[in-house]
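For the numbering used here, count along the sequence shown from 1 and bump the result up by 1376.
Where is the CB? At the ideal position from N, CA and C, for every residue including glycine.
Only one structure is covered here, and it is reproduced in the block below.
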Amino acid sequence: MSYVNMKTILEDARKNRYAVGAFNIVNYLTAKAAVEAAEELEQPIILQTSVKTVKAFGISEMMNYLKPIAENARVNVAIHLDHSTDVDFTKACIDGGWSSVMYDGSQLSLMENIKNTSEIVAYAQARNVTVEGELGAIVGVEDDIVVLEGNHAHANPEDCHLYLKETGIDAFAPAVGTAHGVYKGAINIDYNLFETINQFSPCPLVLHGGTGLTDEMFHRLIALGASKVNISTAIKIAYCQGMVDYTRNYPDQNDPLKLDAFTKEQVKKVVTEHIRFFALLD
Ligand SMILES: [Zn+2]
């Protein structure tokens, strides 16, 4: 079976100390490009959809074109909802066919976050869907969620303990200093905190804000236990710049299929580079 939930994919990654790329796709073309890259490397992949993207298409319309891509793939594919802050919308996506969801209650108090995340976990488990949770706040802009630096501290290990024990999530994103979007200034990652949390966490850890980290940072975090790495901004750049490059080079061609083929290749290249790197392929 090629359409699986996230747990199926991440358990092997955690055991064998590599990471799986979770790519934020925005339409059919980017989803297809990402899955083709994974197939060529014979690696599993997580396709992520932001809430904004799902709302732009509608839940069933989007799943209607994503599901065949996942079901026909030659590698394991999970379709994951990224950063959902709305309990009802998260449940609607579970009902709509997503095999995995992230409920992001990081802006709430610890107790409210635990309560809502637990509600999602119970709903998801009954449907064989996996859940990612977050604690602390990953700064930057993701979708329309803006988190300012200094607004929230890094994840606190004691809070993480309680959160993991009470919710029973399948993957955990603790804030350790990475940011969404394009990094401005120095990147301060608390590697010790990440390692500490990984040691007691019963589930695999997730790294958000992957675009812009150096190879050395990735390697260190994967060695310390990052099993899922989210890549969003790099995909958006490859897609948009691919279109710009093509139309600049061929301003009078007006051939949508050729434009799409060129853009798809650019996205595929970026996904390929990341998968090779995360899976530690040569
Ligand atoms: Zn994120």
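(1) If you follow the alpha helix (DSSP H) that V1402 is in, where does it begin and where does it stop?
(2) Would the stretch 1552-1564 count as touching the stretch 1582-1594 if we require 3 or more Cβ pairs under 8 angstroms?
(3) For V1453, which residues of its own chain have a beta-carbon under 8 angstroms away from its beta-carbon, when the five flanking residues on both sides are left out?
(4) So E1690 packs on S1476, CB below 8 angstroms; how close in whole Å?
(5) Evaluate Q1642 with the Cβ neighbour count: other Cβ atoms within 10 Å of its Cβ, from every protein chain shown; 16 or more gives buried, anything less gives exposed.
(6) Would you check whether ligand 1 has a heavy atom nearer than 7 angstroms to the C-beta of D1388?
(7) Taking only the alpha-carbon atoms, compute the straight-line gap between A1547 and T1623 and give it to the nearest angstrom.
(8) Which residue comes first and which comes last in the beta strand (DSSP E) that contains L1540?
(9) Does the beta-carbon of M1382 have 16 or more other beta-carbons within 10 angstroms, so that it is buried, or is it exposed?
(10) Thinking just about the alpha-carbon of each residue, which of L1405, K1428, E1495 and E1418 is nearest to the one in I1385?
(11) Considering only residues of the same chain and omitting the five flanking positions on each side of T1609, which have a CB-CB separation below 8 angstroms?
(12) Quick one, are the C-beta atoms of L1569 and H1530 less than 8 angstroms apart?
(13) Would you say the beta carbon of N1606 is closer than 7 angstroms to some non-hydrogen atom of ligand 1?
(14) Tell me D1458's beta-bridge partners as DSSP assigns them.
(15) Identify, in the order they occur along the chain, each residue of the same chain with its Cβ nearer than 7 angstroms to the Cβ of I1406, setting aside the five sequence neighbours on each side.
(16) At which residue ranges does the stretch 1429-1456 contain complete beta strand (DSSP E) runs of 3 or more residues, listed in the order of the chain?
(17) Could you tell me whether the Cβ atoms of L1457 and M1478 are closer together than 8 angstroms?
(18) Just verifying my parser: in three-state terms, what is the DSSP assignment at V1463?
(19) Starting from G1618 and walking both ways along the alpha helix (DSSP H), at which residues does that stretch end?
(20) In its own chain, which residues sit with a C-beta less than 7 angstroms from the C-beta of N1527, not counting the 5 before and 5 after it?
(21) Any beta carbon from chain C within less than 8 angstroms of A1599's own beta carbon?
(22) What do you reckon, is the C-beta of H1650 under 7 angstroms from a heavy atom of ligand 1?
(23) Of the choices A1449, T1461, N1440 and K1634, whose alpha-carbon is the least far from that of V1427?
(24) Please state whether DSSP places K1583 in a helix, a strand or coil.
(25) On a CA-only basis, which of S1603, D1566, A1637 and I1565 is nearest C1579? Give me that one, please.
(26) Which residue or residues does DSSP assign as beta-bridge partners of T1506?
Looking at the atomic coordinates:
(1) Run containing V1402: none; DSSP gives neither H nor E here.
(2) Yes, the stretch 1552-1564 touches the stretch 1582-1594.
(3) If the five residues before and after V1453 are omitted, its C-beta is found closer than 8 angstroms to the C-beta atoms of S1378, Y1379, V1380, V1411, A1414, P1420, I1421, I1422, L1423, I1445 and A1446, all from its own chain and listed in chain order.
(4) Not covered by the structure: residue 1690. The range shown for the chain is 1377 to 1658.
(5) Q1642 is buried by the Cβ-count criterion.
(6) Residue side-chain check: D1388 keeps its Cβ at 7 angstroms or more from all non-hydrogen atoms of ligand 1.
(7) Each residue's alpha carbon lies about 41 angstroms from the other.
(8) Membership of L1540 in any beta strand (DSSP E) is not indicated; the residue belongs instead to the alpha helix (DSSP H) covering P1533 to T1543.
(9) Here M1382 is buried. Its C-beta has 16 or more other C-beta atoms within 10 Å.
(10) That would be E1418, whose Cα lies nearest to the Cα of I1385.
(11) Listed in chain order, the non-local C-beta contacts of T1609 below 8 angstroms within the same chain comprise H1556, G1557, V1558, T1587 and G1588, local neighbours out to five positions each way being set aside.
(12) At the C-beta level, L1569 and H1530 come within 8 angstroms of one another.
(13) Within the cutoff, so yes.
(14) According to DSSP, D1458 bridges with S1426.
(15) The question names Ile, yet the displayed sequence has Thr at residue 1406. So the qualifying residues of the chain are I1611, Y1615 and V1643.
(16) Whole beta strand (DSSP E) segments, 3+ residues: zero.
(17) Going by C-beta atoms, L1457 is nearer than 8 angstroms to M1478.
(18) Taken through DSSP and simplified to helix, strand or coil, V1463 comes out as helix.
(19) Boundaries of the alpha helix (DSSP H) harbouring G1618: T1609 to N1625, taken from the DSSP string.
(20) Unreliable placement is indicated for N1527, whose pLDDT of 43 sits below 50; the coordinate value is still reported in the next sentence. For N1527, where only same-chain residues beyond five positions count, the Cβ hits under 7 angstroms are A1513.
(21) You won't find chain C in this structure, because it holds only one protein chain.
(22) Not one heavy atom of ligand 1 lies closer than 7 angstroms to the C-beta of H1650.
(23) Considering only alpha carbons, the answer is T1461.
(24) Inspection of the sequence shows that residue 1583 is occupied by Leu rather than by Lys. If DSSP states are grouped into helix, strand and coil, L1583 belongs with the strands.
(25) For C1579, the nearest C-alpha among the options comes from S1603.
(26) According to DSSP, which records beta bridges pairwise, T1506 is partnered with S1476.
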